[in-house]
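The sequence shown runs 9 to 1123 under my numbering. For glycine and all other residues, C-beta sits at the position ideal for the given N, C-alpha and C. Take a look at the structure set out below.
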Amino acid sequence: MKRLLIANRGEIALRIASTARDMGIDCIAIHPEDDALSLHVLQADESFQLSGTGAQAYLDIDAVVAAAVQTHADAIHPGYGFLSESVAFAEACQAANIVLIGPTIEQLAQFGNKTGARTLAAHCKVPLVPGTNGETTLEDASAFMASLDGKFDLLIKAVHGGGGRGMRSVDDPKKLEKNYQRCQSEAKMAFGNDAVYVEALIPRVKHIEIQVIGDGQGQVNHFWERECSVQRQNQKIIEIAPSPGLAEGTRQDMIQAALKMAGEANYRGLGTFEFLVSCDDPSQYYFIEANARLQVEHTVTEAITGLDLVQLQIAIAQGNTLNALGLSQAPDVQGYAIQCRINMETLATKAFFKPSGGQLQIYAPPSGPGIRVDGFGYAGYQTSTRYDSLLAKLIVHSRSSDYGLAVDKASRALKAFHIDGFETNQPFLQYILNSDIFVQGDIYTRYIDNNLKAIASEIPRAADMSAEPVKKTAGVKIDQVDPLAVLAHGKKSAKKEQPSLAKSGSEHSLAITAPLQGTIIEIQVSPGDEVHIGQELVVMDAMKMEHVITATASGTVLSVHANPQEAVFEDHLIISIKPGEVSARATNTDDNIDLDFIRPDLQEANTRHSYGLDENRETAVTKRRKTHHRTVRENIQDICDPETFIEYGSLAIAAQRRRRSVDDLMQNTPGDGMVCGIGSVNGALVTEDQTQCVVMSYDYMVLAGTQGLQNHRKKDRMFELAEQLRIPIILIAEGGGGRPGDTDGAGIAGLDCLAFQLYAKLSGLVPRIGITTGRCFAGNAVLLGCSDIVIATADSNIGIGGPAMIEGGGLGIFSPDEVGPMDVQVPNGVVDIAVKDEQEAVAKAKQLLSYFQGSLKDWQCEDQRRLRFSVPENRLRVYDIKNIIRLIADTDSVLELRPEFGIGMVTAFIRIEGRPMGLIANDPVHLSGAIDSDGADKAARFMQLCDAFDIPILSLVDCPGIMVGPEIEKTALVRHASRVFVTSTSLTVPLFAVVLRKGYGLGAQAMTGGGFKASTFTVTWPTGEFGGMGLEGAVKLGYRKELEAIEDPEARREEYEKRVAQMYDRGKAVNFATAFEIDEVIDPMDTRHWILSGLKASPAPLQREGKKRPFIDTW
């Protein structure tokens, strides 16, 4: 490892770089434009500027990975926060062949998702705080809060990330919805994911975390604990190692619990396992979450153990074991260490924390033995509200076992830390350090929040500045065009900015100002709007939380003085309001709103939506009716359960603004020829959680269903959603392929579009059902062909190229009806299910989807005694295999695929007592059931499909072997037949084999997973007969000399038939079973009983994040 990119900023980036340089590694810093003068950039060996501004630039996975690639970095250290626990980032690093220092992708997925960590804790029998498991809806949160019965408050927590973001307590059910929404919004902004869950808020607890390290090679160890009970608004302020008041028995119990969980995951790298310890019962502890990264407070562990945790992270990433690093045992602990987080914030007299900032005039950290400062300040540095308020971490270490000496040392060092230019939380930290409850080691997590008013009144502070509203922007304005302007500004001597004392309001206007320093997220009003008292006007982001600013009086908005994403200081003027009476509509409350009133903005949206509705497209619908086809919306309405379809992108129009008016495009190209969304399918049959499906259809009434720019983008969106949500797709692919008439794009050929890649990549991940009717050419046909199952109506034409492309290639002139008609595409295997019309196509699609959705409660079956008579006693007489399939399966549950292709092999979905299964069967009517090339391909692909989606397989065997002869070898049978072996032996789903009659040679082995003992069971009906190869051929080969010695042809024939009869008798079912080459000879009427028993005995499929198989063959 020679070059390390540090994907972070500020003090942690400097901290990582310090260790990396000690190890001889060059360090690369990254930064957006607004962070170019941060100390981590100035001190780096090399820096790389990202696009964008603020924290979002550091969260741009593609940009960060691209920076690493362009700077030739071997590895990336993510630090904490930002992308440190992002699975997508880890996957992107892996794809770019860059080492990400930290846990594995799987471990990030498990521990980065707090509910995944809770699941592991439950598995390891570690005590948990009562809470929900998995992403929790508002309804579920409300139900859980009700279950607490007032004994505990509720705590809402983001599923991903940390640092107190997306976390709020709720003490009243009436406040739940608003706090839930705020947590979702904060989590989405900070971590890119708005999932939350809830826990009971235990009132008096200590926060203890265990530092763990693992090498990913079977060894895990611990570096003792840290106490993080000093918190405000769920964010840590002061950390201690070790915990001064922790009972030894509880300490050991938590350490063992952490090691058990880490060991279960074969953990790699540094990890922190966090617990709550009851103040009322010090032996009672609860696991709450794990952090798969370096912690802000790692410093105190380094102080008491003498270890460099960053160096150990890098060493583990280089493949070292704990033994090799001398860490097979926990290190000794020396004294106490305390860390104080010095933040750019102050505790206001009204008992809330408000951010501060400006330009640093003096930054003079303390020094001396046992004093360490990790910070990024320097004189002249201009702070930014776009980043975390942490400026520096003061760490002190006392080797004494007297905890009080460490507290005294921290207090003295804090007093010696001189910062000027803006206020910090140093007075607040000093107050806590000197408090009796801290010195005695009795502080608990809610102490500060519960006593904030008292603390605020007791902390000494400088005289408050004027509270008059001022129009003041955080930072200075520079030339946004000149990329070097920020550097030029940095060389200037800036004066310390003072708030203006000019009034922004007057006796005729009311000023709405920023209550604290932060970033404007949203402004919800415009000049001229009427507002009522209490109405939400502005949302600001500050102190890792969203703050809503409301109107303090009713009136009319005169002016707006800020913009979204603008960083502002406290008292910045945002909105001016002229107080006065407002219309009834403006003062509506939930009690007097006219619920039927349609506002103009809603009416405009409704009008736009109406352009795409069938009732407003009379000409296009009439034309569609002439070809006896349904409209796209009629098909989607038939597919989805009533009132469940939600449409995406309905207002999109064709990208042809350079050649057509917008009004023309809105009326004639609604949705850009693609109607798509998510709906419920088969809700009356399966549980609700299995019903969701992406449903999408080209609209042939818009530019012949061709693929335009927005059409492609809509497909991209739906395919990405299907991947993200793990839900199936039904795609109606009718259309003419690519559209050359779009004018608004910047490209030339459009070969960089993503739709085909995204859809193909879904193979094996989610079921994809393709339907077509009428014309389906070019790109539309490729998407259809990439689908797992293809359904086509009788009037369909499917081709890689339509008539225009065929003529353009000089290949002749053909009508659309001559290209890929159904009498070609059905027998050649392109179409899985041929139907009469769209109505039948939709019905088959819904039936198909049901097999992937799960079991049905209601079922019926035929009288199974009829199976006893389904195979003739005469071994040479053929029978109807499809009749046997119908008898075995639940009534009306058989859905056959590709019935006119590979006709010697039947593939179908069936149900047994409502449970979905795949079925393969030899058809004795064709080649006596022997396997040919088409049949082999058909069976192999179907087995892949079933295995990919955990559908068990039933094989009905009546196979004299693999077909032989010079003609069949011309079809490459050796390769094709072998596909059945390599596919069936790769299955992880149960394979149940039932021999109906012939079970000979390699063909029978192929049908049973490679051999009779390879399947979950292989049983036979009494009509079964077995042999290593066909009996007639076996006699001719095995007794050739004996037969040749008989000169009389009639006598030779008699001897031949005698030996054939002997071999048949030896190989018939009851005799064959005596050698236990088969599991059992069964009564045919017990076939369903055996299958059901096998299904019940088979374990449930393992839950997985990704694919089981890389893809499913399209052939």
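- Within the chosen definition, does the region 960 to 967 reach the region 1008 to 1024 through at least 3 CB pairs nearer than 8 Å? With the rule of 3 Cβ pairs closer than 8 Å, the region 960 to 967 counts as touching the region 1008 to 1024.
- Since E207 sits in a beta bridge, which residues does DSSP pair it with? Against the sequence shown, residue 207 aligns to sequence position 199. Partner(s): G139, L163.
- Item | Distance, M1071 Cα to E1058 Cα | Against the sequence shown, residue 1058 aligns to sequence position 1050. Against the sequence shown, residue 1071 aligns to sequence position 1063. Those two C-alpha atoms are separated by around 20 Å.
- Query: For G60, which residues of its own chain have a beta-carbon under 6 Å away from its beta-carbon, when the five flanking residues on both sides are left out?
  - Reply: Within the sequence shown, numbered from 1, the residue matching residue 60 stands at position 52. When the five nearest sequence neighbours on each side are left out, the beta carbons in the same chain lying within less than 6 Å of the beta carbon of G60 are those of P40, in order along the chain.
- Task: Would you list the one or two residues that DSSP bridges to K183?
- Result: In the sequence shown, residue 183 corresponds to position 175, counting from 1. DSSP, once it has assigned bridges, lists no residue as partnering K183.
- Message: Tell me which residue opens and which closes the beta strand (DSSP E) that F764 is part of.
- Response: By one-based count along the sequence shown, residue 764 stands at place 756. Looking at the DSSP string, F764 is not in any beta strand (DSSP E); the run it does join, the alpha helix (DSSP H), is 763 to 769.
- Give me the Cβ distance between D168 and A151, rounded to the nearest whole Å; I'm assuming they're in contact under 8 Å. Along the sequence shown, read from residue 1 onward, the residue named residue 168 stands at position 160. Along the sequence shown, read from residue 1 onward, the residue named residue 151 stands at position 143. One point to set straight first is that residue 168 is His, not Asp, in the sequence displayed. In fact, because the Cβ distance is near 23 Å, the residues do not count as touching under 8 Å.
- What number of angstroms, rounded off, separates the C-alpha of A400 from the C-alpha of S858? Looking up residue 400 in the sequence shown gives position 392. Looking up residue 858 in the sequence shown gives position 850. Their Cα atoms are separated by approximately 58 Å.
- Item | Helix, strand or coil at W1098 according to DSSP, with G and I counted as helix | Position 1090 of the sequence shown, counting from 1, holds the residue named residue 1098. Helix at W1098.
- Message: Once DSSP output is grouped into helix, strand and coil, what is the label at A372?
- Response: Numbered from its first residue, the sequence shown carries residue 372 at position 364. Looking at A372 - three-state DSSP - the assignment turns out to be strand.
- Sort S237, G327, E247, D223 by Cα distance to G279 and report the nearest one. Counting from 1 along the sequence shown, the entry for residue 279 is found at position 271. Shortest Cα-Cα distance from G279 to any of S237, G327, E247, D223 involves D223.
- Task: Go through its chain and collect everything with a Cβ distance to I808's Cβ below 8 Å, but skip five positions before and after it.
- Result: Within the sequence shown, residue 808 is the residue found at index 800, counting from 1. Taking C-beta separations shorter than 8 Å and ignoring five residues to either side along the sequence, the partners of I808 in its chain run F785, A786, A789, V790, following chain order.
- In chain order, what residues of the same chain lie with their CB nearer than 8 Å to the CB of A853, ignoring the 5 residues before and after it? If you number the sequence shown from 1, residue 853 lands on position 845. Only residues of its own chain outside the window of five on either side were considered, and among them I647, I738, I777, I779, I799 have a CB closer than 8 Å to the CB of A853, listed in chain order.
- Message: Between L209, G142, W232, Q115, which has its C-alpha nearest E217's C-alpha?
- Response: If you number the sequence shown from 1, residue 217 lands on position 209. For the set L209, G142, W232, Q115, the Cα lying nearest the Cα of E217 is the one of W232.
- With respect to the beta strand (DSSP E) encompassing K362, which residues constitute its N-terminal and C-terminal limits? Against the sequence shown, residue 362 aligns to sequence position 354. 361 to 363 is the span of the beta strand (DSSP E), which, as asked, contains K362.
- Task: In the DSSP assignment, find the unbroken alpha helix (DSSP H) run with M951 in it and report its ends.
- Result: Taking the sequence shown and counting its residues from 1, one reaches residue 951 at position 943. First-last of the alpha helix (DSSP H) with M951: 941 to 956.
- Counting only the same chain and skipping the five closest in sequence on each side, list residues whose C-beta sits under 6 Å from that of S193. The residue you call residue 193 lines up with position 185 of the sequence shown. Residues E554 of the same chain have their beta carbon placed closer than 6 Å to that of S193, with the five preceding and five following residues left out of the count.
- Query: DSSP on V702, reduced to helix/strand/coil?
  - Reply: Walking along the sequence shown from the start, residue 702 turns up at place 694. If DSSP states are grouped into helix, strand and coil, V702 belongs with the strands.
- Does the region 250 to 258 come close enough to the region 176 to 194 to have 3 or more Cβ pairs within less than 8 Å? Between the region 250 to 258 and the region 176 to 194, the count of Cβ pairs shorter than 8 Å is below three; the stretches do not touch.
- Message: Please determine whether the Cβ atom of A802 lies at a distance below 7 Å from any heavy atom of the ligand NAD.
- Response: In terms of ligand content, the structure shown is empty, and the ligand NAD therefore cannot be addressed.
- Message: Using a 10 Å radius around the Cβ and a threshold of 16 neighbouring Cβ atoms, would you call D840 buried or exposed?
- Response: For the purposes of this step, residue 840 is taken as residue 832 along the sequence shown, with counting starting at 1. D840 should be labelled buried.
- Query: Name the DSSP bridge partner or partners of S795?
  - Reply: Locating residue 795 in the sequence shown gives position 787, counting from the first residue. Under DSSP, no beta-bridge partner is assigned to S795.
- Query: How would you label Y386, buried or exposed, when you count the other beta carbons within 10 angstroms and need 16 or more for buried?
  - Reply: The residue you call residue 386 lines up with position 378 of the sequence shown. By the Cβ neighbour-count rule, Y386 is exposed, with fewer than 16 other Cβ atoms within 10 Å of its own.
- What did DSSP end up calling Y293 once you bin it into helix, strand or coil? By 1-based counting over the sequence shown, the position of residue 293 is 285. Strand, per DSSP.
- Message: For I1086, tell me which candidate among G1102, F1119, V1002 has the shortest Cα-Cα distance.
- Response: On the sequence shown, position 1078 is the one that residue 1086 refers to. Of the candidates G1102, F1119, V1002, the one whose C-alpha sits nearest the C-alpha of I1086 is V1002.
- Message: For a minimum of 3 consecutive residues, which ranges assigned as the beta strand (DSSP E) are wholly contained in the region 188 to 263?
- Response: When DSSP assignments are scanned along the region 188 to 263, the uninterrupted stretches of beta strand (DSSP E) that are 3 or more residues long and fall wholly within it turn out to be 204 to 209, 213 to 223, 228 to 240, 243 to 249.
- A28 - DSSP class collapsed to helix/strand/coil: What you label residue 28 is simply residue 20 of the sequence shown in a count that begins at 1. In this structure, A28 counts as helix in the three-state DSSP scheme.
- Message: For a test of the three-state rule: what should DSSP assign to K865, helix, strand or coil?
- Response: For the purposes of this step, residue 865 is taken as the residue at position 857 of the sequence shown. If DSSP states are grouped into helix, strand and coil, K865 belongs with coil.
- Item | Close Cβ partners of D472 (< 7 Å) along its chain, the five nearest in sequence each way excluded | Locating residue 472 in the sequence shown gives position 464, where the first residue counts as 1. Here D472 scores only 37 on pLDDT, less than 50, and its place in the model should not be relied on; the value that follows carries that caveat. Cβ neighbours of D472 beyond the five flanking positions: none.
- Just how far apart, CA to CA, sit I976 and E1040? To locate residue 976, count along the sequence shown from 1; it is residue 968. To locate residue 1040, count along the sequence shown from 1; it is residue 1032. Rounded to the nearest whole angstrom, the C-alpha separation of I976 and E1040 is 20 Å.
- Task: Look up P587 in the DSSP assignment and give the residues it is bridged to.
- Result: Here residue 587 is taken as the residue at index 579 of the sequence shown, counted from 1. According to DSSP, which records beta bridges pairwise, P587 is partnered with G563.
- Taking all protein chains shown into account, do 16 or more other C-beta atoms lie within 10 angstroms of the C-beta of N299, making it buried, or fewer, making it exposed? Your numbering for residue 299 matches position 291 in the sequence shown. It is buried - the Cβ of N299 has at least 16 other Cβ atoms within 10 Å.
- Query: Which same chain residues, not among the five before or five after N328, have their C-beta less than 8 Å away from its C-beta?
  - Reply: Taking the sequence shown and counting its residues from 1, one reaches residue 328 at position 320. Hits under 8 Å: D223.
- Message: Does D42 come out as helix, strand or coil in the three-state DSSP assignment?
- Response: Position 34 of the sequence shown holds residue 42. In the three-state DSSP reduction, D42 falls in the helix class (H, G or I).
- Under 8 Å, do Q118 and L128 count as touching if we go by C-beta distance? Stepping through the sequence shown from its first residue, residue 118 is reached at position 110. Stepping through the sequence shown from its first residue, residue 128 is reached at position 120. The Cβ atoms of Q118 and L128 lie closer than 8 Å to each other.
- Task: Out of N459, N805, F425, state which residue places its alpha-carbon closest to the alpha-carbon of I440.
- Result: Counting from 1 along the sequence shown, the entry for residue 440 is found at position 432. Of the listed residues, the one whose Cα sits closest to I440 is N459.
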